[in-house]
Amino acid sequence: MDLGPCSKIHSLQLRKDYEEAKAKGTENFDRELEDMIERLIVECDRKIQRALKRLADDDANAAIAISVSEVTLTDDILQLSKQIKEKMAEVDAFDFEGRTDDKIKAQEVVEELRAKRADMQATLLLDAFNKDRASLTQPAPPQVAAVPPPAPPDARTQEIINEKLKKAEELGEQGMVDEAQKALEEAEALKKLAPRSEPPSDPSKYTAADVRIVSFHTTNNYFESSCHCLTALVCIVFLPIFSHSIIR
């Protein structure tokens with residue numbers, strides 16, 4: 001798989017020496033590259049297994065990571081790896097015998113086999129990842145509780161609201177827009193208020209203090225009435241006597 005030119009800065013002289021050595025086939029760079037790639041795959045798989053064990057220790061329900069070795073070790077992949085090793089042995093034999101042309105052709109076959117194996121491994125990894133992701137249960141979104149509609153206002157509040165609306169209509173007809181808008185806002189504010197809860201009028205639930213208060217008000221009213229009557233009686237009885245004394 002060709003990833004294009006490397007973005008890092010390299011020594012031009014070393015690059016030139018590498019190109020010449022690769023063309024001549026004097027150095028087995030491909031074998032070293034294959035060994036390095038295999039070491040990287042083993043190292044990545046080891047890190048994945050170690051991270052998986054850490055996740056399993058932290059959370060029993062942790063997602064299962066995909067093992068690169070288990071996914072990519074299929075019969076086709078193993079067959080390609082076997083063919084690559086056989087071709088690499090031929091390359092070494094051609095190099096030992098000095099058959100440069102045959103060595104170059106064998107190296108080209110090795111490159112094709114490696115590219116084919118890399119494509120197959122990438123496809124297998126992608127399929128395994130998609131299957132693993134599909135097997136995970138997606139949590140259901142939380143259900144939002146429906147907000148209950150506001151309770152209707154009580155009779156007294158509704159009466160005040162009707163008065164405010166009527167007042168706003170009258171002010172609007174008179175051209176007093178600001179006052180009409182204010183009355184409408186007051187009516188809307190009253191609509192949003194919760195209705196006042198009035199306790200049930202049960203006579204059996206009155207306390208002794210309530211009875212004393214009622215009795216006091218009744219006695220007080222009777223006392224005031226008695227005082228008024230007594231004052232009138234005193235005026236009727238003593239007024240003639242007082243007037244007679246003044247005349248004398």
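Residue numbering for the sequence shown follows full-length UniProt numbering, beginning at 1 and increasing consecutively. Every residue, glycine too, gets a C-beta built ideally from N, C-alpha and C.
Going by Cα to Cα distance, which pick from the options is closest to residue i?
{"i": "A115", "options": "K105, S81, A93", "result": "S81"}
{"i": "G98", "options": "K182, A189, G25, G4", "result": "G25"}
{"i": "K85", "options": "T100, H10, D35, A23", "result": "D35"}
{"i": "K22", "options": "D101, F129, E38", "result": "D101"}
{"i": "E188", "options": "A122, N162, I104", "result": "N162"}
{"i": "A74", "options": "Q174, E169, A128", "result": "Inspection of the sequence shows that residue 74 is occupied by Thr rather than by Ala. Of the candidates Q174, E169, A128, the one whose C-alpha sits nearest the C-alpha of T74 is A128."}
Spatial neighbours of residue i within its chain, please: C-beta separation below 8 angstroms, excluding the five flanking residues on both sides.
{"i": "D76", "result": "M120"}
{"i": "N28", "result": "V91, D92, D95"}
{"i": "Q158", "result": "P152"}
{"i": "L113", "result": "L80, Q83, I84, K87"}
{"i": "C6", "result": "none"}
If contacts are defined as beta-carbon pairs under 8 angstroms, then residue i and residue j qualify, I think. What distance do you get, rounded to the angstrom?
{"i": "residue 252", "j": "D30", "result": "This structure leaves residue 252 out entirely; the chain is present only between 1 and 248."}
{"i": "I160", "j": "L190", "result": "6 angstroms"}
{"i": "L124", "j": "T72", "result": "6 angstroms"}
{"i": "residue 264", "j": "A183", "result": "The first residue shown for the chain is 1 and the last is 248, placing residue 264 beyond what the model contains."}
Kindly list the residues whose CB is nearer than 7 angstroms to the CB of residue i, restricted to its own chain and excluding five residues on each side of it in sequence; keep chain order.
{"i": "E20", "result": "none"}
{"i": "L14", "result": "none"}
{"i": "G4", "result": "none"}
{"i": "A89", "result": "none"}
{"i": "A106", "result": "K87, E90, V91, F94"}
{"i": "M176", "result": "none"}
{"i": "E169", "result": "none"}
Excluding the five sequence neighbours on either side, which residues of its own chain have a C-beta within less than 6 angstroms of the C-beta of residue i, listed in chain order?
{"i": "L171", "result": "E179, A180"}
{"i": "E186", "result": "K164"}
{"i": "K16", "result": "none"}
{"i": "S11", "result": "none"}
{"i": "K103", "result": "G25, V91, F94, D95"}
{"i": "Y18", "result": "none"}
Is the shortest distance between the beta-carbon of residue i and the beta-carbons of chain D less than 9 angstroms?
{"i": "S81", "result": "Structure shown: chain D not included; a single protein chain is present."}
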